[in-house]
Amino acid sequence: MHELTAESERYEVAIAGAPPAWVAGDEKLRADAGPNDTTTLIAPRSDAEALQPVLDRLRRESRTILSVKPVRETLEDLFMRAVTDPETGRPHAPGAARNGGSS
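In the working numbering, the protein residues as written are 10 to 112.
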(Lines of atoms letter the chains of each structure in order from A and count residues from 1; the text may use other names and numbers.)
(Lines give C-alpha, C1' and ligand atoms only; values in the text may rest on other atoms or scores of the structure.)
Protein backbone atom coordinates (compact mmCIF):
# COMPACT_ATOMS: atom_id res chain seq x y z
CA MET A 1 0.00 0.00 0.00
CA HIS A 2 2.88 2.40 0.71
CA GLU A 3 3.96 2.17 -2.94
CA LEU A 4 0.49 3.30 -4.06
CA THR A 5 0.35 6.29 -1.71
CA ALA A 6 4.01 7.37 -1.61
CA GLU A 7 3.52 10.22 -4.10
CA SER A 8 0.48 11.51 -2.20
CA GLU A 9 2.39 12.30 0.99
CA ARG A 10 2.80 15.93 1.93
CA TYR A 11 3.19 18.35 4.81
CA GLU A 12 0.73 21.14 5.53
CA VAL A 13 2.21 24.08 7.41
CA ALA A 14 -0.34 26.57 8.77
CA ILE A 15 1.00 30.08 9.32
CA ALA A 16 -0.53 33.34 10.48
CA GLY A 17 -1.06 35.99 7.82
CA ALA A 18 -0.55 36.06 4.09
CA PRO A 19 1.91 33.73 2.36
CA PRO A 20 5.51 34.93 2.07
CA ALA A 21 6.35 36.33 -1.37
CA TRP A 22 9.03 33.67 -1.94
CA VAL A 23 6.43 30.89 -1.94
CA ALA A 24 5.21 32.00 -5.39
CA GLY A 25 8.68 31.30 -6.82
CA ASP A 26 9.03 27.88 -5.20
CA GLU A 27 7.66 25.17 -7.49
CA LYS A 28 7.61 22.67 -4.61
CA LEU A 29 5.29 24.75 -2.42
CA ARG A 30 1.66 25.76 -2.78
CA ALA A 31 -0.16 28.31 -0.62
CA ASP A 32 -3.88 28.11 0.17
CA ALA A 33 -5.73 30.87 2.00
CA GLY A 34 -7.23 29.71 5.27
CA PRO A 35 -9.74 31.11 7.74
CA ASN A 36 -9.03 34.05 10.04
CA ASP A 37 -6.10 35.46 8.05
CA THR A 38 -4.11 32.24 7.93
CA THR A 39 -2.29 30.48 5.11
CA THR A 40 -1.59 26.79 4.62
CA LEU A 41 1.65 26.00 2.84
CA ILE A 42 1.53 22.60 1.14
CA ALA A 43 4.84 20.85 0.59
CA PRO A 44 4.65 17.57 -1.39
CA ARG A 45 7.27 15.70 0.61
CA SER A 46 7.28 12.65 2.81
CA ASP A 47 10.63 13.41 4.43
CA ALA A 48 10.52 15.76 7.44
CA GLU A 49 14.18 16.63 6.88
CA ALA A 50 13.34 18.13 3.46
CA LEU A 51 10.81 20.47 5.11
CA GLN A 52 13.31 21.99 7.56
CA PRO A 53 14.62 24.75 5.21
CA VAL A 54 11.04 26.00 4.75
CA LEU A 55 10.46 26.09 8.50
CA ASP A 56 13.85 27.73 9.07
CA ARG A 57 13.04 30.47 6.57
CA LEU A 58 9.67 31.11 8.18
CA ARG A 59 11.36 31.39 11.58
CA ARG A 60 14.04 33.77 10.24
CA GLU A 61 11.21 36.00 8.99
CA SER A 62 9.54 35.83 12.44
CA ARG A 63 6.45 34.20 10.94
CA THR A 64 4.05 32.52 13.35
CA ILE A 65 3.87 28.78 12.60
CA LEU A 66 0.50 27.54 13.83
CA SER A 67 0.91 23.87 12.95
CA VAL A 68 2.91 21.36 10.93
CA LYS A 69 0.89 18.35 9.88
CA PRO A 70 1.97 15.31 7.84
CA VAL A 71 -0.81 14.28 5.45
CA ARG A 72 -1.15 11.11 3.46
CA GLU A 73 -4.03 10.44 1.08
CA THR A 74 -6.05 7.32 1.68
CA LEU A 75 -6.64 4.75 -1.05
CA GLU A 76 -10.16 6.17 -1.33
CA ASP A 77 -8.72 9.66 -1.94
CA LEU A 78 -6.39 8.26 -4.62
CA PHE A 79 -9.27 6.42 -6.28
CA MET A 80 -11.46 9.52 -6.33
CA ARG A 81 -8.63 11.55 -7.84
CA ALA A 82 -8.12 8.87 -10.50
CA VAL A 83 -11.78 8.83 -11.56
CA THR A 84 -12.31 12.61 -11.50
CA ASP A 85 -11.61 14.86 -14.47
CA PRO A 86 -9.22 17.54 -13.13
CA GLU A 87 -10.52 20.13 -15.62
CA THR A 88 -14.23 19.78 -14.85
CA GLY A 89 -14.22 18.24 -11.38
CA ARG A 90 -16.77 15.71 -12.62
CA PRO A 91 -16.31 11.93 -12.64
CA HIS A 92 -14.98 10.35 -15.84
CA ALA A 93 -17.51 8.30 -17.82
CA PRO A 94 -17.48 4.63 -16.78
CA GLY A 95 -15.91 1.97 -18.98
CA ALA A 96 -12.98 1.89 -21.34
CA ALA A 97 -12.50 4.56 -23.99
CA ARG A 98 -13.20 3.49 -27.55
CA ASN A 99 -11.18 4.50 -30.58
CA GLY A 100 -13.53 5.00 -33.46
CA GLY A 101 -16.71 3.03 -34.02
CA SER A 102 -18.27 -0.12 -32.71
CA SER A 103 -16.57 -3.50 -32.64
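Note that beta-carbon positions come from the ideal geometry of N, C-alpha and C, so glycine has one too.
(request) Only counting runs of 4 or more residues, tell me where the alpha helix (DSSP H) segments fall wholly within the stretch 53 to 101, in order along the chain. (result) 57 to 69, 84 to 91
(message) Is Ala-23 a contact residue of the ligand GTP, with contact defined as CB to any heavy atom under 7 Å?
(response) Questions concerning the ligand GTP fall outside what the structure shown contains, since it holds no ligand whatsoever.
(request) Tell me where the beta strand (DSSP E) around Glu-21 begins and ends. (result) 18 to 25
(request) Please work out which residues of its chain come closer than 8 Å, Cβ to Cβ, to Arg-72, disregarding the five sequence neighbours upstream and downstream, and give them in chain order. (result) Ile-24, Ala-25, Gly-26, Pro-29
(request) Give the single residue among Leu-38, Ala-33, Asp-65 whose Cα lies nearest to the Cα of Arg-19. (result) Leu-38
(message) Here's a check: name, in chain order, each residue in its chain whose Cβ is nearer than 8 Å to the Cβ of Pro-100, leaving out the five neighbours to either side.
(response) Val-92, Thr-93, Asp-94
(message) Can you check which of these residues, Glu-96, Asp-56, Leu-67, is closest to Leu-50 by C-alpha distance?
(response) Leu-67
(request) Grab me the residues of Ser-55's own chain with a C-beta within less than 6 Å of its C-beta, minus the 5 sequence neighbours each way, in chain order. (result) Glu-18
(request) State the DSSP-derived secondary structure class of Pro-103, mapped to helix, strand or coil. (result) coil
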